[in-house]
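Residue numbers for the sequence shown, in the UniProt record's numbering: 1 to 301.
Some notes on the structure that comes next.
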Amino acid sequence: MAREDSVKCLRCLLYALNFLFWLMALCVLGVSACLRDHLNNVLTLTADTRLEEAAILTYSPVVHPVVIAACCFLIIVAMVGYCGTLKCNLLLLSWYFGSLMVIFCVELASGVWTYDEPMVQRSDMISLKSRMPHFGLQRYQWLTHAWNALQTELKCCGVIYFTDWLEMTEMEWPPDSCCSNQYPGCARHAHYHDLSDLYQEGCGPKIYSFIRGTKQLQVLRFLGVSIGVAQILAMTLTVTLLWALYYDHKPPDPASPDALIHTHSSSEDALKPSHSHPRVPEAWANAPANGHTQFEMEELS
Numbered sequence: 001m002a003r004e005d006s007v008k009c010l011r012c013l014l015y016a017l018n019f020l021f022w023l024m025a026l027c028v029l030g031v032s033a034c035l036r037d038h039l040n041n042v043l044t045l046t047a048d049t050r051l052e053e054a055a056i057l058t059y060s061p062v063v064h065p066v067v068i069a070a071c072c073f074l075i076i077v078a079m080v081g082y083c084g085t086l087k088c089n090l091l092l093l094s095w096y097f098g099s100l101m102v103i104f105c106v107e108l109a110s111g112v113w114t115y116d117e118p119m120v121q122r123s124d125m126i127s128l129k130s131r132m133p134h135f136g137l138q139r140y141q142w143l144t145h146a147w148n149a150l151q152t153e154l155k156c157c158g159v160i161y162f163t164d165w166l167e168m169t170e171m172e173w174p175p176d177s178c179c180s181n182q183y184p185g186c187a188r189h190a191h192y193h194d195l196s197d198l199y200q201e202g203c204g205p206k207i208y209s210f211i212r213g214t215k216q217l218q219v220l221r222f223l224g225v226s227i228g229v230a231q232i233l234a235m236t237l238t239v240t241l242l243w244a245l246y247y248d249h250k251p252p253d254p255a256s257p258d259a260l261i262h263t264h265s266s267s268e269d270a271l272k273p274s275h276s277h278p279r280v281p282e283a284w285a286n287a288p289a290n291g292h293t294q295f296e297m298e299e300l301s
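This is the structure we're talking about:
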């Protein structure tokens, strides 16, 4: 009875852990999707510079296709673990344990890679000014889109200050993406009327902070550690449940005390006297009595 209660407790804990795997894997996929677009814009502006290497070193492990595939695979593995726990299937639980081990190794390698410190300084931000003269040109539409998207998302303008656009290009006012309230011609209106409508902070310091690590990256690191701890606990519980199920399906050992007791009781039952009367054959019971008398008379004569 105690063993059955233990198995029920193990199954309930595995149900909860598999549900937790679904939630955390979905959170990792959502945060990674949000970071991916932002990272692409940063990599576009910092191409062929030390900033690009630092950004790849910091964010590539958490948005790498292998990590995304591992999170998707974890959702499938959690479903298999749920089914194996529900049906107490030894094969499914064994496959579940092995899959968790593989995913844990991938996440551990990714976590070690993510915690490397990027070699970048604030002075490296000045190199972003070399990307500004190509803004608005027909053959550099991808760069124009990256500048506009980055300035809108980070709420910044230029590299150090919005005047960088006037110094590095032939533009008379910054792009409209520098406006806090964006509409066609807002930068021209702000340039002649109220400069406070433009973002006053440059994008260089914000890109530097992004490369050094953001809150989203910290969330991903926390989720990675939490998933790793939950996987260790799930693997431990799975091994325990496998042992309990295997013990129940294992045939009794003849040398075990339980088997000896069973054999002894069976022997006692066999040695007990039977209180029932032996059954007389029907042919003997119906035999005539005069036949026996005739046999005796012939023997005397």
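Glycine is no exception: its CB is placed at the ideal position from the N, C-alpha and C atoms.
Helix, strand or coil: which one does DSSP assign to residue i?
i: L166; result: helix
i: L137; result: coil
i: P174; result: coil
i: N89; result: coil
i: A287; result: Low local confidence applies: a pLDDT of 46 at A287 is under 50, so the model's placement there is unreliable, with the coordinate-based value given in what follows. In the structure shown, A287 sits in coil (DSSP, three-state: anything other than H, G, I, E or B).
i: H64; result: coil
i: C156; result: coil
i: T46; result: coil
i: M132; result: coil
Which first and last residues belong to the alpha helix (DSSP H) in which residue i is found?
i: H189; result: 186 to 192
i: Y161; result: Neither: Y161 is in no alpha helix (DSSP H) and is coded neither H nor E.
i: K206; result: 203 to 212
For residue i and residue j, I'd like the C-alpha separation in whole angstroms.
i: L29; j: L92; result: 26 Å
i: F162; j: T214; result: 24 Å
i: F19; j: G158; result: 46 Å
i: Y208; j: L14; result: 42 Å
i: G224; j: D37; result: 21 Å
i: W147; j: K129; result: 11 Å
i: L242; j: R221; result: 31 Å
i: Q231; j: Y183; result: 50 Å
i: V7; j: C88; result: 10 Å
i: L17; j: L86; result: 13 Å
i: E201; j: C156; result: 5 Å
i: W173; j: L166; result: 6 Å
i: I126; j: I76; result: 46 Å
i: V229; j: K206; result: 33 Å
i: Q138; j: R131; result: 14 Å
i: H191; j: I68; result: 44 Å
i: A33; j: Q218; result: 15 Å
i: residue 304; j: E153; result: This structure leaves residue 304 out entirely; the chain is present only between 1 and 301.
i: R188; j: M168; result: 17 Å
i: S60; j: G136; result: 29 Å
i: A234; j: Q216; result: 26 Å
i: P133; j: T46; result: 14 Å
i: E53; j: V31; result: 22 Å
i: I103; j: E170; result: 53 Å
Based on the DSSP secondary-structure assignment, which residues constitute the bridge partners of residue i?
i: L198; result: C179
If contacts are defined as beta-carbon pairs under 8 Å, then residue i and residue j qualify, I think. What distance do you get, rounded to the angstrom?
i: L143; j: T44; result: 7 Å
i: L100; j: Y246; result: 19 Å between Cβ atoms; not a contact.
i: V66; j: V106; result: 7 Å
i: Y199; j: C186; result: Not quite, the Cβ-Cβ distance comes to about 12 Å (not below 8 Å), so this is no contact.
i: M24; j: S226; result: 6 Å
i: C203; j: L237; result: 49 Å between Cβ atoms; not a contact.
i: N181; j: D197; result: 7 Å
i: L124; j: R50; result: For clarity, residue 124 is Asp in the given sequence; the question names Leu instead. Contact holds; Cβ gap of about 5 Å.
Give a yes or no on whether 8 Å exceeds the smallest Cβ distance from residue i to chain B.
i: V28; result: In the structure shown, chain B cannot be found, because there is only a single protein chain.
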